[in-house]
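The structure appears right after this line, and notes come after that.
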Amino acid sequence: MAHPATSSSGLSSESSEQIEKPKESRNMKGTLSLSPQVPDATQGPVAIFWDIENCPVPSNVHPEDVAGNIRMALRVHPVIKGLVTMFSAYGDFNAFPRRLREGCQRTGVKLIDVPNGRKDAADKAILVDMLVFALDNPQPSSIMLISGDVDFSPALHILGQRGYNAILVIPARVSVSSALCNAGSFVWDWPSVA
């Protein structure tokens, strides 16, 4: 597994770079400057929301290994140091092989079965669970969202403004909205994490 690395450069779709956004700060003369800063370590709880249909288990990775790889990426993160208290994957699991479902469940991933009959059903379920987590866990909690869906950007922006860390893991080789990428405190490439 490639470990996400801290970087202040742009995100390449084939890299394992993590983007750190510039923070506003005032120097001794009172001039406003934008410079990357490493925030203090965050000890609050971490929730992982995985849109398994937008970011599927890679064909060269065993389903049992994916959850461990995701947890390892968080363990080596320089800022997020809290415990994972929630790890859920969302999708129409009737369409997934039994081996994948069992592999995820054995590693502690809660499968939220969302049949594809309704438009954006998985996105709505993720959004509700993400906001319930935020209500139940005051900042500085962290939310890892594994998805490339732009519909999550308003919620992530608001949570970020309220002091939550948002780690966004996006699919590779797919055009992802800049609005979504800008909503994450940290942005990782899915293949580098899975």
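Position one of the sequence shown corresponds to residue 25 (the working numbering), numbered consecutively onward. Built from N, CA and C at the ideal position, the CB exists for glycine as well. In this text the structure is predicted, and so the values were computed from the model without any measurement.
Collapsed DSSP secondary structure at residue i in the structure displayed
i: glycine 208; result: coil
i: asparagine 78; result: coil
i: alanine 71; result: strand
i: lysine 143; result: coil
i: phenylalanine 111; result: strand
i: serine 49; result: Its pLDDT being 36, under 50, serine 49 is placed unreliably by the model, and the measurement read from it follows with that caveat. Strand.
i: serine 199; result: coil
i: alanine 218; result: coil
i: lysine 148; result: helix
i: aspartate 173; result: coil
i: asparagine 189; result: strand
Assumed close pair residue i, residue j - CB separation to whole angstroms, cut-off 8 Å
i: serine 166; j: isoleucine 191; result: 6 Å
i: alanine 97; j: valine 211; result: Actually they are not in contact, since the Cβ atoms of alanine 97 and valine 211 sit about 13 Å apart, beyond 8 Å.
First and last residue of the uninterrupted alpha helix (DSSP H) at residue i
i: alanine 91; result: 87-99
i: glutamine 163; result: Taken as a continuous stretch (DSSP letters only), glutamine 163 belongs to no alpha helix (DSSP H), as it is neither H nor E.
Cβ-Cβ distance between residue i and residue j below 9 Å
i: cysteine 128; j: alanine 146; result: no
i: isoleucine 170; j: isoleucine 94; result: yes
i: glycine 184; j: leucine 204; result: no
i: alanine 92; j: glutamine 163; result: Note on residue identity: the sequence assigns glycine, not alanine, to residue 92. No.
Own chain, CB closer than 6 Å to residue i, minus 5 neighbours either side, in chain order
i: alanine 71; result: Met110, Phe157 and Ile167
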